[in-house]
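K.L.:
Quick mapping for you: the protein sequence lines, in order, are chains A and B. Each residue of the first sequence is one higher than the last, beginning at 1 in full-length UniProt numbering. Each residue of the second sequence is one higher than the last, beginning at 1 in full-length UniProt numbering. Glycine residues also receive a C-beta, built at the ideal position from the N, C-alpha and C atoms. Please see the structure below; I have some questions.
Protein chains: 2
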Amino acid sequence: MSIKELAQQLNISIGTVSRALNGRADVNPETRKRVLAAADAMGYVANQSGRSLRQGTTNVIGFTIETNVETRTQGDTFFMSVFDGVQMVFARHKLDLVVLPCASEDDPFDHVRRVVSRQFADGLILSATQRQDPRIDYLIERGIPFVTLGRSLSGGEHSWIDMDFEGIAAQSVARLVAGGHRRIALANTERGINLSFVFEEAYRAALAAHGIAYDPDIVIRGEITELGGYRVCDRLLALPEPPTAVVLVNESLAMGFYRRLLDAGLTPGRDMAIIGLRQSPQSRFLSPALTCYRLSLHDVGVELAQSLLATMPAYRDHYPQGVTQKIWPMELVPGESDPPLRT
Amino acid sequence: MSIKELAQQLNISIGTVSRALNGRADVNPETRKRVLAAADAMGYVANQSGRSLRQGTTNVIGFTIETNVETRTQGDTFFMSVFDGVQMVFARHKLDLVVLPCASEDDPFDHVRRVVSRQFADGLILSATQRQDPRIDYLIERGIPFVTLGRSLSGGEHSWIDMDFEGIAAQSVARLVAGGHRRIALANTERGINLSFVFEEAYRAALAAHGIAYDPDIVIRGEITELGGYRVCDRLLALPEPPTAVVLVNESLAMGFYRRLLDAGLTPGRDMAIIGLRQSPQSRFLSPALTCYRLSLHDVGVELAQSLLATMPAYRDHYPQGVTQKIWPMELVPGESDPPLRT
DNA sequence: TTGAAAGCGCTAACAC
DNA sequence: GTGTTAGCGCTTTCAA
Numbered sequence: 001m002s003i004k005e006l007a008q009q010l011n012i013s014i015g016t017v018s019r020a021l022n023g024r025a026d027v028n029p030e031t032r033k034r035v036l037a038a039a040d041a042m043g044y045v046a047n048q049s050g051r052s053l054r055q056g057t058t059n060v061i062g063f064t065i066e067t068n069v070e071t072r073t074q075g076d077t078f079f080m081s082v083f084d085g086v087q088m089v090f091a092r093h094k095l096d097l098v099v100l101p102c103a104s105e106d107d108p109f110d111h112v113r114r115v116v117s118r119q120f121a122d123g124l125i126l127s128a129t130q131r132q133d134p135r136i137d138y139l140i141e142r143g144i145p146f147v148t149l150g151r152s153l154s155g156g157e158h159s160w161i162d163m164d165f166e167g168i169a170a171q172s173v174a175r176l177v178a179g180g181h182r183r184i185a186l187a188n189t190e191r192g193i194n195l196s197f198v199f200e201e202a203y204r205a206a207l208a209a210h211g212i213a214y215d216p217d218i219v220i221r222g223e224i225t226e227l228g229g230y231r232v233c234d235r236l237l238a239l240p241e242p243p244t245a246v247v248l249v250n251e252s253l254a255m256g257f258y259r260r261l262l263d264a265g266l267t268p269g270r271d272m273a274i275i276g277l278r279q280s281p282q283s284r285f286l287s288p289a290l291t292c293y294r295l296s297l298h299d300v301g302v303e304l305a306q307s308l309l310a311t312m313p314a315y316r317d318h319y320p321q322g323v324t325q326k327i328w329p330m331e332l333v334p335g336e337s338d339p340p341l342r343t
Numbered sequence: 001m002s003i004k005e006l007a008q009q010l011n012i013s014i015g016t017v018s019r020a021l022n023g024r025a026d027v028n029p030e031t032r033k034r035v036l037a038a039a040d041a042m043g044y045v046a047n048q049s050g051r052s053l054r055q056g057t058t059n060v061i062g063f064t065i066e067t068n069v070e071t072r073t074q075g076d077t078f079f080m081s082v083f084d085g086v087q088m089v090f091a092r093h094k095l096d097l098v099v100l101p102c103a104s105e106d107d108p109f110d111h112v113r114r115v116v117s118r119q120f121a122d123g124l125i126l127s128a129t130q131r132q133d134p135r136i137d138y139l140i141e142r143g144i145p146f147v148t149l150g151r152s153l154s155g156g157e158h159s160w161i162d163m164d165f166e167g168i169a170a171q172s173v174a175r176l177v178a179g180g181h182r183r184i185a186l187a188n189t190e191r192g193i194n195l196s197f198v199f200e201e202a203y204r205a206a207l208a209a210h211g212i213a214y215d216p217d218i219v220i221r222g223e224i225t226e227l228g229g230y231r232v233c234d235r236l237l238a239l240p241e242p243p244t245a246v247v248l249v250n251e252s253l254a255m256g257f258y259r260r261l262l263d264a265g266l267t268p269g270r271d272m273a274i275i276g277l278r279q280s281p282q283s284r285f286l287s288p289a290l291t292c293y294r295l296s297l298h299d300v301g302v303e304l305a306q307s308l309l310a311t312m313p314a315y316r317d318h319y320p321q322g323v324t325q326k327i328w329p330m331e332l333v334p335g336e337s338d339p340p341l342r343t
């Protein structure tokens, strides 16, 4: 079912059909009605390749995600909600969101390069930004509109949205210090992803602000999974002088952390204070309830979409915000996992 | 950077360039080398729209998922691992996997219709199959190659892969009965999705096989989330005669279920035996460890990809398996959550 | 208000 | 082994 066939059915030229379907003003209302009715009846929808070739735009926005171990074990929860917010905005502009998973064997940079060079999408949303991220430089160089979920040292004037890791680290440390804790560990992710650096820096700054010396022995890096949490706790407990509190870079670690404490005959919270990161369906059902931080992932998705559109000439008018570089605030959800230190 | 420019650079016709790049035999090895080198140097990659328009194929496979509440809140991640397996197979054929999230506000049928009519993809993988699923009939009618992750009453001769819910239900009930349980509840998902029916039927059949009467009061339907599990347990505990064991349609329910028992001063396992569904990162860290079933999601992805390719004329030769209708076996992972009934 | 026609980038059929 | 060219479906310019 091509526009040609549709035009033949109607005894109209294809040009008129195209104009009618695309809402051009210079078309007889009567004609338009006929065209729309026929298109609907015959289930006609414009072929995207033809349209893209002609217009040079795809009406598709790509969202790259990585299907590595860490995303695989916790990513669905996070991204699905973000997608939903993104789509809500795109739907208004008849843009389609397409998720481009980068296979674990594949290199994220090559992946983005392939996507771009095949002209898959008019714009991109990148996740899992690295501290130095060649994808960002590449997209800038190629002039492809994009926004990243996560900061990076690469680029500069591009749009990004990131969570307020500084705020979280500062607030978590302050809360623990107020509870009498001085020996506060950090369970971090492995180096590479930018969040790892940002979070650790903020943690160090927060310690310094309270006059606490940084001790590398109680900064443990591992995989962001339940098992990773188990192992981190294991290493902390094996220290000559274990910490009395820990700040987790990701709430997925909490479950394994709790379990390791229980296996050692210790009680999470009472024997070691724990503050997680994002409130998740799981963290609410931990016992004791995990102290963590709340944000609306749906709203993050909305903001991502709007920031991207703001950088695209065709949509700039609707979103005159320009370049967006936003630290997303998160709200403390006090739990029972970080009581004051018993003296 | 188009093929035309590339050809001009090389002083060769675009036809030859095209043939060289596409690995045609009738091209001078010397010429091919020059073309490939130039393409690489200039970062040329064929425009997908032009190619699609000409060949009528996109080299893209779409994987539809739904970003509804259950997928969004489900703790563990199912799809990322499946994607990874799917991509491994597609990479061999230079096919790109693209995930098409259906927004929670959108209708899955409309969504598939849009995807198809815009000729986005050469083939589709559908998930979250409904008992009656118009998407299946539609794809068959339109002759679009597809495979579903999940059975359905719709269609017939199409390919699908589904988990062995019958086997799980039968094995779970048998295990509990062997432990002395007779009053075995079922925590099911809400009606609609086909798995709900399949699982419940298998549960009833298993009860019957052991001479146990079906009691609708202990079949509770709710949301597949931690909170859903909490609520299911709540309702079961409120019964005049609570069950001594429960079979969960999804392991995400387990965490809330455990929590509700603990809140009531009961011990999961000892006071109520629990068998979950799939082994997930979380279920391994529950205490007592959840008895559940294991499968390789990566392998499911591989099988999905192969089944789809087997139905596509262009790839049929590599995968001569024809229509695949496969019940995926799952392996029992005994935990401590379903001890024998104390007498 | 409509029709005719060019041309987006590409591949394949055909001519040489 | 290479060049030429038609045409995939569509939008848009230009002419009527």
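Just the C-alpha distance for ALA205/A and ALA187/A, rounded to the nearest angstrom, thanks.
P.N.:
In the first sequence, residue 205/A corresponds to position 205, counting from 1. In the first sequence, residue 187/A corresponds to position 187, counting from 1. About 16 angstroms.
K.L.:
Taking the alpha-carbon positions, what's the PHE165/B to SER283/A distance?
P.N.:
Along the second sequence, read from residue 1 onward, the residue named residue 165/B stands at position 165. Along the first sequence, read from residue 1 onward, the residue named residue 283/A stands at position 283. Distance between the alpha carbons of PHE165/B and SER283/A: 29 angstroms.
K.L.:
Can you grab the Cα-Cα spacing for the pair THR311/B / GLY322/B, in whole Å?
P.N.:
Within the second sequence, residue 311/B is the residue found at index 311, counting from 1. Within the second sequence, residue 322/B is the residue found at index 322, counting from 1. Each residue's alpha carbon lies about 6 angstroms from the other.
K.L.:
Specify the secondary structure class of SER307/A as computed by DSSP and reduced to three states.
P.N.:
Taking the first residue of the first sequence as position 1, residue 307/A is located at position 307. Helix.
K.L.:
Could you pull the start and end residues of the beta strand (DSSP E) that VAL249/B belongs to?
P.N.:
The residue given as residue 249/B occupies position 249 in the second sequence. No beta strand (DSSP E) contains VAL249/B, which DSSP labels as neither H nor E.
K.L.:
By a C-beta neighbour count over all protein chains shown, 10 Å radius and 16 as the cutoff for buried, is GLY15/A buried or exposed?
P.N.:
Counting from one through the first sequence, the residue named residue 15/A turns up at place 15. By the neighbour-count rule (16 or more Cβ atoms within 10 Å), GLY15/A is not buried but exposed.
K.L.:
On the criterion of 16 or more Cβ atoms from any shown chain inside 10 Å, does HIS181/B qualify as buried, or is it exposed?
P.N.:
Working through the second sequence from its first residue, we reach residue 181/B at position 181. The residue in question, HIS181/B, is buried, as its Cβ has 16 or more Cβ neighbours within 10 Å.
K.L.:
On the three-state DSSP scale, how would you describe ASN188/A?
P.N.:
Working through the first sequence from its first residue, we reach residue 188/A at position 188. Correct three-state label for ASN188/A: strand.
K.L.:
Would MET1/A be called buried (16 or more neighbouring beta carbons within 10 Å of its own) or exposed?
P.N.:
Within the first sequence, numbered from 1, the residue matching residue 1/A stands at position 1. That one is exposed.
K.L.:
Quick one: Cα of ALA185/A to Cα of GLU201/A, how far?
P.N.:
In the first sequence, counting from the first residue as 1, residue 185/A sits at position 185. In the first sequence, counting from the first residue as 1, residue 201/A sits at position 201. Going from the Cα of ALA185/A to the Cα of GLU201/A covers about 13 angstroms.
K.L.:
For ASP96/B, which of THR64/A, LEU126/A and PHE83/A has the nearest alpha-carbon?
P.N.:
Counted from its first residue, the second sequence places residue 96/B at position 96. Out of THR64/A, LEU126/A and PHE83/A, THR64/A has the C-alpha closest to the C-alpha of ASP96/B.
K.L.:
How many angstroms separate the CA atom of VAL219/B from the CA atom of ARG175/B?
P.N.:
Numbered from 1 along the second sequence, position 219 holds the residue referred to as residue 219/B. Numbered from 1 along the second sequence, position 175 holds the residue referred to as residue 175/B. Spanning the two alpha carbons is a distance of roughly 18 angstroms.
K.L.:
Verify the CB distance criterion: does ASP84/B have a CB-CB separation below 8 angstroms to chain A?
P.N.:
Counting from 1 along the second sequence, the entry for residue 84/B is found at position 84. Output row for ASP84/B: interface = yes.
K.L.:
Pull the bridge partners of THR64/A from the DSSP assignment, please.
P.N.:
Position 64 of the first sequence, counted from the start, is the residue given in the question as residue 64/A. Per DSSP, LEU100/A and LEU126/A.
K.L.:
Spatial neighbours of THR343/A within its chain, please: CB distance less than 8 angstroms, with the 5 preceding and 5 following residues excluded, ordered by chain position.
P.N.:
Counting from 1 along the first sequence, the entry for residue 343/A is found at position 343. These residues qualify, in order along the chain: GLY180.
K.L.:
Is the beta carbon of HIS158/A sitting closer than 8 angstroms to the one on ILE140/A?
P.N.:
Here residue 158/A refers to the residue found at position 158 of the first sequence. Here residue 140/A refers to the residue found at position 140 of the first sequence. Contact flag set, yes.
K.L.:
Taking 7 angstroms as the limit between beta carbons, can you name the residues of its chain near ALA254/A, skipping five residues before and five after?
P.N.:
Working through the first sequence from its first residue, we reach residue 254/A at position 254. Here the set comprises GLY229, LEU248, ILE274, GLY276, SER283, LEU286 and LEU290.
K.L.:
Decide if GLY75/B is buried, meaning its Cβ has at least 16 other Cβ atoms within 10 Å, or exposed.
P.N.:
As a first step, residue 75/B must be located in the second sequence, where it is residue number 75. Note on GLY75/B: pLDDT 47, under 50, position unreliable in the model; the coordinate value appears next. Burial call: buried.
K.L.:
Less than 8 angstroms between CB atoms is the rule here; does GLN48/B satisfy it with respect to chain A?
P.N.:
Along the second sequence, one-based indexing puts residue 48/B at 48. True, the Cβ-Cβ gap to chain A drops below 8 angstroms.
K.L.:
Of all the beta strand (DSSP E) runs that stay within the bounds of the segment 217-305 of chain A, which reach a length of 3 or more residues?
P.N.:
Entirely contained in the segment 217-305 of chain A, the beta strand (DSSP E) runs reaching 3 residues are, in chain order, 219-222, 245-248, 273-278 and 291-294.
K.L.:
For the beta strand (DSSP E) containing ASP162/A, list its first residue and its last residue.
P.N.:
For the purposes of this step, residue 162/A is identified with residue 162 of the first sequence, where counting begins at 1. From DSSP, the beta strand (DSSP E) with ASP162/A extends over 159-163.
K.L.:
Count the other CB atoms, across all protein chains shown, that sit within 10 Å of the CB of HIS298/A; report buried if there are 16 or more and exposed otherwise.
P.N.:
Within the first sequence, the letter at position 298 stands for residue 298/A. Label assigned to HIS298/A: buried.
K.L.:
Compare the C-beta of PRO339/B with all C-beta atoms of chain A and state if any pair is closer than 8 angstroms.
P.N.:
Numbered from its first residue, the second sequence carries residue 339/B at position 339. False, the Cβ-Cβ gap to chain A never drops below 8 angstroms.
K.L.:
Using a Cβ-Cβ cutoff of less than 6 angstroms, which residues in the same chain neighbour residue 369/A once the five nearest sequence positions on both sides are dropped?
P.N.:
Outside the displayed range of chain A (1 to 343) lies residue 369/A, so it cannot be described from this structure.
K.L.:
When DSSP labels each residue in this structure, what does LEU153/B get in the three-state scheme?
P.N.:
Locating residue 153/B in the second sequence gives position 153, counting from the first residue. The answer is coil: DSSP assigns LEU153/B none of H, G, I, E or B.
K.L.:
Taking the Cβ atom as the reference point for each residue, do LEU309/B and TYR319/B lie within a distance shorter than 8 angstroms?
P.N.:
One-based indexing of the second sequence puts residue 309/B at position 309. One-based indexing of the second sequence puts residue 319/B at position 319. Going by C-beta atoms, LEU309/B is nearer than 8 angstroms to TYR319/B.
K.L.:
Would you call the CB atoms of THR129/A and CYS102/A closer than 8 angstroms?
P.N.:
Here the question's residue 129/A lines up with position 129 in the first sequence. Here the question's residue 102/A lines up with position 102 in the first sequence. No, the Cβ-Cβ distance between THR129/A and CYS102/A is not below 8 angstroms.
K.L.:
Check whether the segment 229-239 of chain A and the segment 192-200 of chain A are in contact - that is, three or more C-beta pairs closer than 8 angstroms.
P.N.:
In short, these stretches do not touch, since the Cβ pair count stays below three.
K.L.:
Whose CA, out of ARG24/A, GLY62/A and SER104/A, lies closest to the CA of VAL98/A?
P.N.:
Here residue 98/A is taken as the residue at index 98 of the first sequence, counted from 1. Of ARG24/A, GLY62/A and SER104/A, the residue nearest in Cα terms is GLY62/A.
K.L.:
Smallest Cα separation from THR225/A: which of SER252/A, ILE327/A, GLN132/A and PRO281/A?
P.N.:
Position 225 of the first sequence holds residue 225/A. The candidate whose alpha carbon is nearest that of THR225/A is SER252/A.
K.L.:
Tell me which same chain residues have a C-beta within less than 7 angstroms of the C-beta of ARG259/B, skipping the five on either side of it?
P.N.:
In the second sequence, counting from the first residue as 1, residue 259/B sits at position 259. TYR230.
K.L.:
Determine which residues share a DSSP beta bridge with THR148/B and list them.
P.N.:
Numbered from 1 along the second sequence, position 148 holds the residue referred to as residue 148/B. According to DSSP, which records beta bridges pairwise, THR148/B is partnered with LEU126/B and TRP160/B.
K.L.:
Quick one: grab the DSSP three-state call for ARG118/A.
P.N.:
Residue mapping note: residue 118/A aligns to position 118 of the first sequence, counting from 1. Correct three-state label for ARG118/A: coil.
K.L.:
CB-CB under 8 angstroms to LEU207/B, same chain, minus the five flanking residues each way: which ones, in chain order?
P.N.:
Numbered from its first residue, the second sequence carries residue 207/B at position 207. VAL173, ILE184, ALA213 and TYR214, listed in sequence order.
K.L.:
Could you tell me which residues DSSP puts in a beta bridge with ALA325/A?
P.N.:
Along the first sequence, one-based indexing puts residue 325/A at 325. The amino acid at residue 325/A is misidentified as Ala; the sequence shows Gln. Answer is TRP160/A, bridged to GLN325/A.
K.L.:
Does any C-beta atom of chain A lie closer than 8 angstroms to the C-beta of GLY75/B?
P.N.:
In the second sequence, counting from the first residue as 1, residue 75/B sits at position 75. Residue placement at GLY75/B is flagged as unreliable, the pLDDT there being 47, under the threshold of 50; the coordinate-derived value follows with that caveat. Yes, its Cβ sits closer than 8 angstroms to a Cβ of chain A.
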